[in-house]
Structure formats: structure tokens, C-alpha cells
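Trainee: Sequential numbering from -6 applies to the sequence shown in my numbering. Where a beta carbon is used, it is the ideal one built from N, C-alpha and C, also for glycine. These numbers come from a predicted model, not from an experiment. Take a look at this one; I'll ask things after.
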Amino acid sequence: MTPALPEVSADLFRQAMRRPANAVAVVATGAPGARFGVTLTAVCSLSDNPPSVLACLYRESAALEPLRRNGTFSVNFLAAGQSDLASVFAGRGGLKGEARFAPDAWTTLATGAPVLRGAVAAFDCHLDREIDSPTHAVLFGRVAALVMAEPPQVGAEPLTYSFGGFGSFVPLAG
């Protein structure tokens, strides 16, 4: 019999998870006039065969049902200069749905999902499958197309989130 593990409080868990620096992405779905998006840090590569990504989306997010219906989404990793956009898609300022999308900032690739111009890297995906947890939907996206900033430019370093605030990646000398 496995001994009972001590209970870790949700507050303590959140405090610990705020410490690592995470890449910041906007996950978006829909077509002009009916687009939805949300800022996430729980996004990562899953595999290169086939190219796939994983995103964890809060079950109460307004973007989840449209994403399920559409069966497509984009993962747009933000540059350090795009922290205002991260705040907008995190819900700060009160904008919702289509109002979050600046007219000339978005394009489409293979699936028709909105893809952010100027993202460090953007992945255009088909929803491959989903696993539900008590609070989040774990989304598996099969990459249909991608774009990335070429060449990396000053000010286009990846946006990160740690200790409750935005930052950027700074390479160590060496």
C-alpha cells in the first residue's frame, strides 16, 4: 500500500509555480468578426514527429468553446516588446473577443486561425485531441504551418513571465 502523501495547498503550489520563467503565448482561434484569444504560459512543444504542441487552457476561458468548435488554433509566442498585447489577451483592460484583435496585426496561414504578425514564432494548428482535468483542458495541436522572426532582432527577444511580471530572455555571456 502506498503511504498517503502530504497535502500541498493550492496557494503554496501557485507561489512555487510563479518562480520559473515561462514563455508567454497568445492562443487564438476563429475568423475575422468571431475571433477569440487568451494569454497562456502553459504551452510547449510536444513532438517533432509529427510536429505538435501542447497548450493548457482554463476550462472557463471564453476561447475554449470556439476553439473546440473550430478545431483549429494558433500558438503565438510573444516578443519582449509585446507585453501590452499579453496584458490585453490576459483580460486586463476589459476587452473581449474580437475587440482584442488589432486589425493589421493578424494574418492567417493553412488552417485560417488568426496568426500574430511579429511573433517570435507562431504555430498554426489543428486540434488533434484534448484531455480534460478538473480545471483545465489540455489541448494537443498538430502543426499545419509555422512562421518565425528571421533573423532574431534586438527587441524581439522572447517575452517571459516570472514572479508575477513580464520580462525577457537575456543570454549569459560565455
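(1) For the candidate residues V19, A24, A72, whose alpha-carbon lies nearest to that of V163?
(2) Between which residues of its own chain and F60 is the CB-CB distance below 6 angstroms, once the five residues before and five after are set aside?
(3) Using the beta-carbon count (16 or more within 10 Å), is T153 buried or exposed?
(4) Return the first residue and the last residue of the beta strand (DSSP E) that N42 is part of.
(5) Pull the bridge partners of D125 from the DSSP assignment, please.
(6) What separation, rounded to the nearest whole angstrom, lies between the Cα atoms of V36 and A138?
(7) Please report the residue range of the alpha helix (DSSP H) in which L71 lies.
(8) For S161, does the three-state DSSP call read helix, strand or coil?
(9) Under DSSP, the beta strand (DSSP E) around L(-2) begins and ends at which residues?
(10) Ignore the nearest five residues each way along the sequence and tell me which others in L39's own chain have a CB closer than 7 angstroms to its CB.
(11) Measuring straight from C-alpha to C-alpha, what distance separates F170 and T101?
(12) Sort S161, T(-5), V140, R62 by Cα distance to N69 and report the nearest one.
(13) Within 8 angstroms, do at least three Cβ pairs link the region 122 to 131 to the region 48 to 58?
(14) Do you know how far the Cα of R7 is from the Cα of P96?
(15) Nearest to V168 by alpha carbon, out of V19, H119, A106?
(16) Taking G105 as the reference, which of R12, G90, A3, A27 has the closest Cα?
(17) Leaving out five residues on either side along the sequence, give the residues of the same chain with a beta carbon under 6 angstroms from the beta carbon of F156.
Mentor: So, from the data block:
(1) A72
(2) Sequence check: residue 60 is Leu here, not Phe. Only T22, F66 meet the Cβ criterion.
(3) buried
(4) Note, N42: premise wrong, no beta strand (DSSP E); not H, not E.
(5) A130
(6) 17 angstroms
(7) Segment: none, L71 is in no alpha helix (DSSP H) and carries neither H nor E.
(8) strand
(9) Premise fails: L(-2) is in no beta strand (DSSP E) and is neither H nor E.
(10) S45, V46, L47, F133
(11) Any answer about residue 170 is impossible in this case: the structure gives the chain only from -6 up to 167.
(12) V140
(13) yes
(14) 35 angstroms
(15) What is shown of the chain runs -6 to 167, which leaves residue 168 out entirely.
(16) A27
(17) R11
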